[in-house]
Amino acid sequence: MASSGWSLFKPTDLIRLTAFLLLTCYFCSSLKGDGGYEDDKYFYTSSTDGALVMKVPGSPSSSGCVTTTNSLHCRTELRELGSWDPQDTNKLTVSLAVIQADDSEHGTVIGQIHIDDSVSTKPVIELYYNSKGVIAAGVEQTRSGGDEKFTTFETTVPLGTEFTYEIDYSGGTLKVTVNGEEMTLDTYDLDSPKSYFKAGNYNQGSSPSEVHFYSISIEH
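Encoded structure:
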């Protein structure tokens, strides 16, 4: 069943933010409400492919964008409002295309599981896409962070090509699937922390990044 905390949306519709927080590099603020929201530079519906477009202009030093608390990087990103137990069923499924990845080694973060804010400021996992179309999963080994371990998918996806990923943290087991290639990942000493999903464009470099989203859904 679809979660009441983050339901499937079609980017051709007006995005309703009742169940979301939107973090933008432009305002560096949290927006929520049921009236919908668009920004013609960073968060809008594409007139060419109908996708929900999320853009980031670069880094604070290269573009003047501002970061959220506890981060050095700028983002345009949706986060799930409610947190959940990894022992239950928790799946995030996204169809998207990366039009422009940033210039960092691992690239733009296009999806993640983040530990509940009352527990830690760190993610469980971040899914990266770089300028060569290489996709990698970075998993923190401890709740204090700073020791992210990367695993790279054999599957590569060229810039501008639509693909699908699923992040599944159910029954205490973390799995990530990209275009049918599934990996089960070690969660080390994280000990199944209460968590929530995020999806968007979390820039890790100095150059601009652009991601088009065609569908986002979760299951709990």
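So the sequence shown is residues -33 to -1, 1 to 187, counted in mature numbering (1 follows the signal peptide of the UniProt record, and there is no 0).
Positions of the beta carbon are idealized from the N, C-alpha and C atoms, including for glycine.
Please read these numbers as outputs of a predicted model, since none were measured by experiment.
_Going by DSSP in three states, LYS(-2) sits in which element: helix, strand or coil?_
Interpretation of LYS(-2) is limited by its pLDDT of 47, a score under 50 that renders its predicted location unreliable; the figure taken from the coordinates is listed afterwards. LYS(-2) falls in the strand class under three-state DSSP.
_Along the chain, where does the beta strand (DSSP E) containing PRO125 start, and where does it finish?_
First-last for PRO125: undefined, no H or E at that position.
_Own chain partners of VAL76 with C-beta closer than 7 Å, once the 5 adjacent residues on each side are dropped_ = Here the set comprises GLU93, LEU94, TYR95, TYR169 and GLN171.
*Alpha-carbon to alpha-carbon, GLY167 and SER176*: Across the structure, SER176 and GLY167 are spaced so that their CA atoms are roughly 11 Å apart.
*Please report the Cβ distance between LYS142 and THR151, rounded to the nearest whole angstrom; I am assuming they are in contact, meaning their Cβ atoms lie under 8 Å.*
Taking 8 Å as the upper bound for CB-CB distance, LYS142 and THR151 are in contact here, some 5 Å apart.
*Is THR122 closer than 9 Å to ASN146 when the C-beta atoms are compared?*
In contact: ASN146 and THR122 (Cβ atoms closer than 9 Å).
*What three-state label does DSSP hand SER27 in the structure shown?*
Note on identity: in this sequence residue 27 is Pro, with Ser being the wrong assignment. In this structure, DSSP gives PRO27 a helical state, which the three-state scheme calls helix.
_Looking at VAL65: is its Cβ nearer than 9 Å to the Cβ of ILE80?_
Not closer than 9 Å, so no.
_For GLN171, three-class secondary structure by DSSP_ = Three-state DSSP puts GLN171 in coil, outside helix and strand.
*May I have the straight-line CA-CA distance separating THR60 from VAL23, to the nearest angstrom?*
A direct Cα-to-Cα measurement between THR60 and VAL23 gives close to 22 Å.
*Check each candidate in LYS161, LYS116 and TYR136 and name the one with the smallest Cα separation from THR88.*
Checking every option, the nearest Cα to that of THR88 belongs to LYS161.
*With C-beta atoms as the reference, is LEU19 less than 9 Å away from ALA68?*
Contact flag unset, no.
*Residues in its own chain within less than 6 Å of ALA103 by CB, not counting five upstream and five downstream?*
Excluding sequence positions up to five before and after ALA103, its CB lies within less than 6 Å of the CB of HIS73, TYR95, PHE117 and THR119, all in the same chain and listed in chain order.
*Is ARG42 helix, strand or coil when you go by DSSP?*
Of the three classes helix, strand and coil, the one that applies to ARG42 here is strand, per DSSP.
*The beta strand (DSSP E) with ALA104 in it runs from where to where?*
ALA104 -> beta strand (DSSP E) spans 101 to 106.
*When burial is assigned at 16 or more other CB atoms within 10 Å of the CB, is ASP70 buried or exposed?*
In this structure ASP70 is buried. Its beta-carbon is surrounded by 16 or more other beta-carbon atoms within 10 angstroms.
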